[in-house]
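S.K.: Position one of the sequence shown corresponds to residue 16 (the working numbering), numbered consecutively onward. Yeah, the Cβ is synthetic: ideal placement off N, Cα and C, and Gly gets one too.
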Amino acid sequence: MIPSLKALAMLTAAAAAGVSLVGASSPAAGAGSPAPTYLYASPTGTATAGCGISAPCSLPAAQAVVRGLTPSMNSDIVVRLRGGTYRLGATWAFSDADHDSGRNGHRVVYAAYPGETPLISGAKQLTGWSLHDPAKNIWSAPASGLKTRELYVNGVRAQLSRGPANPGGWGTPTSTGLVAPDSGMASWPDIVGTEVVSENVWVHKSCPVTAASGRDITLAQPCYRNTQVPYNFKSGAVIGQNPFNVSWVQNAYELLTTPGQFYLDSSHGTMYYVPRPGEDLATADVEAPALQTLVQGSGTAASPLSDISFSGLTFAYATWLDPARPTGYAEGQAGWHITGDNLTEVPMEDLTGTPGEVRFDHDSGLEFDNGTFTHLGGVGLELAPGSKNAAIVGNRFTDIGSNALQIGSVDTVDRHPPVADEVSGNTVRDNVITFAGQVYRSAVGVFLGYTTGTTVTHNAIGQLPYTAISVNLGWEGTTYSGGATITYNEIFQDMGVLDDGGALYAQLPMTSPSVMKYNYLHDEKTTGGAPLYLDSTAGNWTAQYNVLQTGESASRNIQNCCGVAAQHNTVQYNYSNASGAPHGTPDPTNTVTDNYDNLSVFPPEAKAIMAQAGLEPQYADLLSQRGYNDTTSTISYTGDGWNYSSGRAQGDLGDDVHYSYAAGATVTIPFTGSGISWLAQRSDQTGPVEVYVDGADQGLITPRTSGAPYPAQQVDYSVSGLAAGDHTLRIVNQSSRLMTVDGFTVSASRPTTNDDAKAVSYKGKGWKRLTTSGAGDYADDLHTTAAADASVSFRFVGSGVSWLARRDASSGPVQVYLDGLDQGVVTPNASTGPFPAQQVAYSLTGLRPGPHTIQIVNRTAASLNVDAFTVEPGRTTVEDTAPSVAYTGSGWTAAAADQGGCGTDVHCTSAAGAAVTVTITGSGVSWVAPRLSDTGSVRVFVDGIDEGELTPAKGAAAPSARQVNYSVTGLVPGVHTLRIVNGGAGRLAVDAFTVLV
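1) Please state whether DSSP places residue 560 in a helix, a strand or coil.
2) Could you tell me the distance, in whole angstroms, from the CA atom of residue 287 to the CA atom of residue 466?
3) Per DSSP, which one or two residues make a beta bridge with residue 965?
4) Three Cβ pairs or more, each shorter than 8 Å: is that satisfied between the stretch 654-662 and the stretch 626-639?
5) In this structure, how does DSSP classify residue 268 when only helix, strand and coil are distinguished?
6) Mind checking which residues open and close the beta strand (DSSP E) that includes residue 95?
7) Just the Cα atoms here: how many angstroms apart are residue 227 and residue 1005?
8) Can you give, in chain order, each stretch of the beta strand (DSSP E) that sits fully within the stretch 753-822 and has at least 3 residues?
9) Give the DSSP-derived three-state secondary structure of residue 1002 in the structure shown.
10) Looking only at its chain, what residues have a beta carbon closer than 8 Å to the beta carbon of residue 733, apart from the 5 residues adjacent to it on each side?
11) Can you tell me whether residue 853 is buried or exposed? The criterion is at least 16 other CB atoms within 10 Å of its CB, across all chains shown.
12) Distance check for residue 812 and residue 595, CA to CA, integer angstroms please.
13) Rounding to the nearest angstrom, what Cα-Cα distance links residue 861 and residue 888 in this structure?
14) Pull up the distance between the alpha-carbon of residue 1002 and that of residue 199, whole angstroms please.
15) Do you know offhand how far residue 1012's Cα is from residue 108's?
16) Rounded to a whole number of angstroms, what is the C-alpha to C-alpha distance between residue 753 and residue 961?
17) Let me know the secondary structure DSSP gives residue 139 once reduced to three states.
18) On a Cα-Cα basis, can you pick out the residue from 54, 313, 328 that is closest to residue 136?
19) Between the C-alpha atoms of residue 337 and residue 114, what's the straight-line distance to the nearest angstrom?
20) Could you pull out every residue in the same chain whose Cβ sits closer than 8 Å to the Cβ of residue 189, ignoring the five residues on either side in sequence?
21) Measuring straight from C-alpha to C-alpha, what distance separates residue 150 and residue 956?
22) How would you call residue 947, buried or exposed, if buried means at least 16 neighbouring beta carbons within 10 angstroms?
23) Contact between the stretch 428-440 and the stretch 349-360: three or more CB pairs below 8 Å?
24) Let me know if residue 950 comes out buried or exposed under the rule of 16 or more other beta-carbons within 10 Å of its beta-carbon.
25) DSSP on residue 427, reduced to helix/strand/coil?
26) Nearest by alpha-carbon distance to residue 123: which of 736, 896, 379 is it?
27) Give me the residue from 521, 54, 280 with the minimum Cα distance to residue 159.
28) Does residue 563 pass the burial test, meaning 16 or more other C-beta atoms within 10 Å, or should it be called exposed?
29) Looking at C-alpha atoms only, which residue of 89, 330, 872 is the closest neighbour of residue 51?
30) Nearest-angstrom Cα distance between residue 849 and residue 709?
31) Closest to residue 870 by C-alpha separation, out of 473, 146, 104, 881, would be which residue?
32) Are the CB atoms of residue 553 and residue 581 nearer to each other than 9 Å?
33) When you compare the CB positions of residue 8 and residue 417, do they come within less than 9 Å of one another, or not?
34) I'd like to know whether the C-beta atoms of residue 558 and residue 585 end up nearer to each other than 9 Å.
35) According to the neighbour-count rule (16 or more other Cβ atoms, all chains shown, within 10 Å of its Cβ), is residue 1034 buried or exposed?
36) Please identify the residue among 906, 134, 260 whose C-alpha is closest to the C-alpha of residue 929.
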């Protein structure tokens, strides 16, 4: 459940003090209040009454029990959902009339069972795959009765079959459609239903094909007409749409040429798919979304659906079929498309919103917390007309086809609604919203239609093809929309594909004052827009104290065109590294003064805003990594020989790469966080490089090599555990061999504990605390000793720890223990003066989340320095019995007890070639197992790429549980696989995997 304001204040204060609070995960009754009523549901539950923990109900049965209890409820009713997949045969529906609402001041709560992940799915699992076309590696599976536009293989979105991007040779469009380069399409048996996609400026359009003859391609009506009619702005200005250029052709069997693409022949009930390298369809989890709405909730004006909480649930696998219909997808903007017919121009009443896969209307006091919305074809979560006082806190939205979050409408009927239909008082706080617009690339992260009193604060929103936050879109105006508060958000890497948008985008005058303050907008990739964009008619906004870090020439656009200028806005005290020049001269009713532009270095005031923006400390682990493409504006390339290549279709991040064969070629990236990884293409031409972190030489490294086909997005270097703050990574080529830069992943700032904290204890002789003002040590102090057997211990709660020390010339070997178990001897890097401070001397990641202790013991009379410790927040644990863990080969046994393992058992085998594969969503994964006396060598593969052979450390006859045998971090956030293959000379054990999200 969402913490109370008092609890949040306690958590914030604790985080600031470096203290971790561990408490109950279930609602607690106040003094004198009745205890909650607990019910239990399970994907395999069969009970229809009682719903006890030992005899759980199915989800529908549990809901039926709730409905019988709510009329007379005198305490919260909590339905705890056990982990696993709840496959819905129909939409999970809620209504006040059916007694789903909380009553009498109490709530109905649907919550994940502690430590488990219930998944609400609208998909059918496809099995029975066989090779259909060996020459093209096209496989097929029966899919009778299925209609879908989405497919997922091992949690990775497959792409609807499509041809090449921006194909040439298309002729001049006709009144009925297009002219193809040749007559080939007319011979396709499935040409009817094939779709032509057009993307330009800010819109994504697609229309189905209804006929083809020779080169003439007839497109469905009214879709094609609606892509041509002009827009009519509020002022009466009429602006024509951009031409229907051909961006690509999709949805035909003949286009199945690329791994990861699919085509559904619904008339014959067959799904076709081209597997990616490493995918085995005999064992793969192939999910085909069948439902168009996962969850639907409604009340009435007189009796709204109210006081329901959804906590810790994952909503996944739904589709949206409308674009295949004659109306197609003729977009106006931001997921709102034209559905009327016989139009001569586009008024707003003919724009229709993309529907939410989870949708509520006429509701009050709903809560969504700690959940995940993913693998969805339309809008992720929609709060429609009549939604009031909802709280959306601490969720992840990722891999969404359209807008991630949609609150309110811009339909004409919602311009002047009755009070009961107004959308008001909703809060969006501390959510991570990434990779929206994965199908309809003109979609946005957060869409706010006509609403009042909406708060969007402390969210992390990024990696988007278009705008991040869009407010009050519409050309007709409204009499009630206003009072928006957009504050303390971190917005990054938006505008990755389309144009004429921005991180913060608003249109139409707000009827009451609204603010955009203390937001940090960075690494936007755009032309024609701006990070801060007040578009036509936008008014009554105060935009102050925002940090606009952009690679473009202008950081803000106060629009003045088309006879509908933005008016009556105040834009002041914003910080930007760009010119700040608006696109055109703002209307004189606007106040645009006292902004700080063309900054080469941001002042302390701006850095304070940057530090405060984004997720609050208690939600920081929702986004542990973020990726930066090699074209990011803050990355600099110096030295000789740099080249740039794009459109290579080799799996590069952003489909592009920088490379050089010149000695001395250098790449430098400044970053804010606690770690960074360099991503590159692995090849047989790679040579050595020298790595520097914050100017300190980290030594010579030679990345792993690989023959063709050369894998992309490989982690060639990684450092973690740095003190939270600003850092710089510099990589210098040391030969005339190849150096590639595909991108970087940056880990979020970790909590840092100074050497004098209570959680740090010192034993032995010689310990001294030095005050080191100006030397660069964390908090300007340092503990040091030169006595053998002197030790330092640090108690922490998390999944990893790093020891920071000042590097000097006399550092010697130390013995490291984790939870009392010997981790081996470590000798920190030595350095001559000046001695670099805050260096990572030792790091261990991927531990089971929880309390741990690291101990460092000096083995000689050499120097042992302690500056600080950084802690990796708690990871997600995937048990060895989880559905995402697959075992192949022979000899696998599951022990009844695992000597203290994460779950209830451990899987073991001694058979050569036996393998375990885990599919995760995140940026890193660790293999956790007991340390055995008969452990042998294994070979590790990440995303199908051979990472080499390793032999885990061996233990005593009594195994030591929960040890980290292998870790990889720094992956681009997304879906990945880790496969471990036994070499056969010993035993392979699997207790669990920990995932860095």
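M.R.: This is what the structure holds:
1) coil
2) 44 Å
3) 953
4) no
5) helix
6) 92-96
7) 56 Å
8) 754-756, 758-762, 767-769, 775-778, 783-786, 796-800, 806-813, 815-820
9) strand
10) 690, 691, 692, 693, 984, 985
11) That one is buried.
12) So the two alpha carbons sit approximately 44 Å from each other.
13) 10 Å
14) When rounded, the distance between both Cα atoms is 57 Å.
15) 30 Å
16) Take the alpha-carbon of residue 753 and the one of residue 961: they are about 20 Å apart.
17) strand
18) 328
19) 32 Å
20) 231
21) 27 Å
22) buried
23) no
24) buried
25) helix
26) 379
27) 280
28) Classification for residue 563: buried.
29) 89
30) 13 Å
31) Ranked by how close their Cα comes to the Cα of residue 870, the residues 473, 146, 104, 881 have 881 in first place.
32) yes
33) Residue coverage of the chain in this structure runs from 16 to 1012, which leaves residue 8 outside it and unanswerable.
34) yes
35) With the chain represented from 16 up to 1012, any question about residue 1034 goes unanswered, as that position is not in the structure.
36) 906
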